[in-house]
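Undergrad:
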Amino acid sequence: MTWAQLARTTLENDHVLLRPIVAEDRAAVREPAMSPEIWRYFVMLIETDADFDAFFDAALADQDAGRRVVYHIIDKPTGRTAGSMSFCNIAEADGRLEIGWSWLGLKFQGQGINRWAKFLMLEQAFEQLGAERVEFKTDVLNVQARKGLRNIGAVEEGTLRSFNPMPGGRRRDAIYYSVLRGEWPGVRAQLLTRPKVSRGPEAS
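If you count the sequence shown from 1, position 12 lands on 11 in numbering that gives the first Met the number 0, and the numbers rise without skipping.
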């Protein structure tokens with residue numbers, strides 16, 4: 000089985016449940032997504048139902064094609080949909096993949112959900128898939144997301160200038176972070192013993 004096939008499974012702990020999205024999740028995911036503030040640093044802006052439907056349809060299509068594994072994030076204490084996160088840019092032959100397309104509804108930010116979701120995905124990547132490298136990228140202007148990535152133990156690597164266009168016409172400088180296989184035991188211990196939260200927009 001490929002990594003994309005293996006990763007299409009439920010991940011959970013006491014805090015969050017992640018499961019691959021299905022078409023029936025549309026309404027549940029739509030509810031927390033309809034706040035434009037969430038998408039300030041995202042590569043697409045969701046302001047209308049049509050914007051969301053295009054976003055959700057692309058997620059389903061990417062997952063069906065094996066380009067992404069898109070997780071529906073559920074906050075375990077409340078049972079409510081909190082947001083979404085994906086395995087993407089999957090380069091199995093090179094032993095690497097990215098955790099990205101990460102967003103949380105405003106009510107669920109600053110509660111550690113981002114941290115626990117990324118913990119489960121890192122655990123899956125290194126301990127089940129056998130990845131050598133997990134990478135992340137975000138807008139260089141997104142100070143809160145950068146702080147959150149440092150808090151989970153990711154190492155800042157550098158900035159790719161004028162990486163891609165953004166809504167509004169600006170071109171984004173993308174900053175990369177990563178965790179390597181040899182670093183995972185220490186990162187895992189840090190995440191389990193010193194949980195922190197990052198407040199504010201959490202997008203990549």
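Note that beta-carbon positions come from the ideal geometry of N, C-alpha and C, so glycine has one too.
It should be emphasised that the depicted structure is a prediction, and the values quoted were computed from it without experimental measurement.
Would you kindly report the start and end of the unbroken alpha helix (DSSP H) that includes I112?
TA: Where I112 is concerned, the enclosing alpha helix (DSSP H) stretches over I112 to E122.
Undergrad: Report the partner residues of T158 according to the DSSP bridge assignment.
TA: Note: T158 sits in a beta bridge opposite I174.
Undergrad: Ends of the beta strand (DSSP E) at W100?
TA: Element bounds for W100: R95 to L103.
Undergrad: I want to know whether the segment 44 to 52 touches the segment 112 to 121 - three or more CB-CB distances under 8 Å.
TA: These segments do not touch.
Undergrad: From A124 to G104, what does the alpha carbon distance come to, in whole angstroms?
TA: Approximately 25 Å between the Cα atoms of the pair.
Undergrad: Roughly how far, in whole angstroms, is the beta-carbon of Y176 from the beta-carbon of V142, given that I think they are within contact range, below 8 Å?
TA: Y176 to V142, Cβ: 14 Å. No contact.
Undergrad: Does the beta-carbon of R67 have 16 or more other beta-carbons within 10 angstroms, so that it is buried, or is it exposed?
TA: When all chains shown are included, R67 counts as buried.
Undergrad: Exposed or buried, which one is S83 when buried takes at least 16 other CB atoms within 10 Å?
TA: So S83 ends up on the buried side.
Undergrad: Whole angstroms is fine: what's the gap from M33's alpha carbon to A188's?
TA: Straight-line Cα distance between these residues: approximately 35 Å.
Undergrad: Express the C-alpha separation of W2 and P35 in angstroms, rounding to a whole number.
TA: When rounded, the distance between both Cα atoms is 33 Å.
Undergrad: Using the Cα positions of V69 and E23, report the straight-line distance between them to the nearest angstrom.
TA: Taking the straight line from one Cα to the other gives about 14 Å.
Undergrad: If you draw a straight line from the alpha carbon of S101 to that of Q108, how long is it in whole angstroms?
TA: Approximately 12 Å between the Cα atoms of the pair.
Undergrad: Expressed to the nearest angstrom, what Euclidean distance is found between the alpha-carbon atoms of T80 and E131?
TA: Answer to the nearest angstrom: the Cα atoms are 31 Å apart.
Undergrad: Could you check the C-alpha separation between G152 and V178 for me, to the nearest Å?
TA: Approximately 7 Å between the Cα atoms of the pair.
Undergrad: With H, G and I counted as helix, E and B as strand and the rest as coil, what does DSSP make of A153?
TA: It is coil, neither helix nor strand.
Undergrad: Excluding the 5 residues flanking P200 on each side, which residues of the same chain have their C-beta closer than 8 Å to its C-beta?
TA: No answer about P200 holds up, because its pLDDT of 45 lies below 50 and its placement is not dependable.
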